[in-house]
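Each remark here refers to the structure printed beneath this line.
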Amino acid sequence: MKRFSVSLLFLLLLLSTTLVSAQSKKKSGGSSSGYSTGIGLRGGGYSSGLTIKHFMSGKNGVALEALVTTEYKARGARLTLLGEKHKALADVKGLQFYYGAGFHLGAYQGRYYFEDARYYRYGRKKKDVYVLYDYRYDDATYVAFGADLILGLEYKMEDLPFVVGVDYKPYFEVFHGYTGFYNDAAVSLRYTF
1 MKRFSVSLLF LLLLLSTTLV SAQSKKKSGG SSSGYSTGIG LRGGGYSSGL TIKHFMSGKN
61 GVALEALVTT EYKARGARLT LLGEKHKALA DVKGLQFYYG AGFHLGAYQG RYYFEDARYY
121 RYGRKKKDVY VLYDYRYDDA TYVAFGADLI LGLEYKMEDL PFVVGVDYKP YFEVFHGYTG
181 FYNDAAVSLR YTF
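Going by our numbering, the residue at position 2 of the sequence shown is 2; the numbering climbs one at a time, nothing skipped.
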């Protein structure tokens with residue numbers, strides 16, 4: 001199953017870079033961001049990986065972003081697609097605020113889950129409860145999917161072809177019958193062209 005996860009990650013990276021090079025050959029109308037496509041790394045508190053952002057043609061500040069990430073404790077990968085709206089901040093040239101939404105799909109091998117067992121002992125006057133807590137590890141492969149939101153700031157360096165960004169990305173996930181709401185924040189560095 002480890003080969004499946006590595007193969008899936010490699011396929012997603014290959015597909016992402018192929019799409020970016022195909023899009024970069026097209027003439028884009030540009031955007032108020034100062035670049036049309038950026039590719040780089042995203043390092044987050046919960047997950048890290050590759051980020052690709054491409055602005056749609058026109059000056060409306062709409063971008064599509066794809067993230068191929070892996071979590072620190074999970075063995076697997078996640079593909080996230082986001083639609084974003086960028087707004088320039090008036091006082092600082094190159095600084096933009098953005099927000100958006102999207103979805104993700106991934107596969108992970110193994111998960112940790114919490115289990116407790118309660119033991120009851122009845123005495124003369126009251127009932128005593130003993131609780132045993134235990135963490136279990138499951139080594140099966142699971143598919144995860146969910147919805148994402150994103151809120152961030154990015155700065156296009158004036159004389160260099162780089163963008164530095166910070167973002168907050170909460171997401172809802174369904175994972176082998178379990179649901180959860182998670183928070184992720186990250187710093188991104190992209191090469192722009």
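From the three backbone atoms N, C-alpha and C, an ideal C-beta is built for every residue, glycine too.
Looking only at its own chain, which residues have a Cβ that is under 6 Å from the Cβ of residue i, when we skip the five neighbours before and after it?
| i | result |
| --- | --- |
| residue 38 | 53, 163, 190 and 192 |
| residue 143 | 107 |
| residue 74 | 108 |
| residue 95 | 89 and 155 |
Looking at residue j and residue i, is the spacing between their C-beta atoms short of 8 Å?
| i | j | result |
| --- | --- | --- |
| residue 167 | residue 146 | no |
| residue 150 | residue 100 | yes |
| residue 159 | residue 169 | no |
| residue 156 | residue 57 | no |
| residue 182 | residue 104 | no |
| residue 87 | residue 61 | yes |
| residue 42 | residue 140 | no |
What residues match up with residue i in a beta bridge as DSSP calls it?
| i | result |
| --- | --- |
| residue 172 | 147 and 181 |
| residue 46 | The partner list for residue 46 (beta bridge, DSSP) is empty, contrary to what the question assumes. |
| residue 188 | 42 and 165 |
| residue 55 | 63 |
| residue 82 | 65 and 102 |
| residue 34 | None; residue 34 has no bridge partner. |
| residue 77 | 107 |
I need the DSSP call for residue i, collapsed to helix, strand or coil.
| i | result |
| --- | --- |
| residue 158 | coil |
| residue 99 | strand |
| residue 94 | coil |
| residue 107 | strand |
| residue 140 | strand |
| residue 88 | strand |
Could you pull out every residue in the same chain whose Cβ sits closer than 8 Å to the Cβ of residue i, ignoring the five residues on either side in sequence?
| i | result |
| --- | --- |
| residue 161 | 35, 191, 192 and 193 |
| residue 71 | 46, 47, 78 and 108 |
| residue 179 | 172 and 173 |
| residue 84 | 53, 62, 63, 64, 65, 98, 99, 100 and 150 |
The ligand GDP and residue i: does the residue's C-beta get closer than 7 Å to at least one heavy atom of that ligand?
| i | result |
| --- | --- |
| residue 180 | This structure does not include the ligand GDP; it has no bound ligands of any sort. |
By Cβ distance, which residues of its chain are closer than 7 Å to residue i, with the 5 residues on each side in sequence left out?
| i | result |
| --- | --- |
| residue 40 | 51, 188, 189, 190 and 191 |
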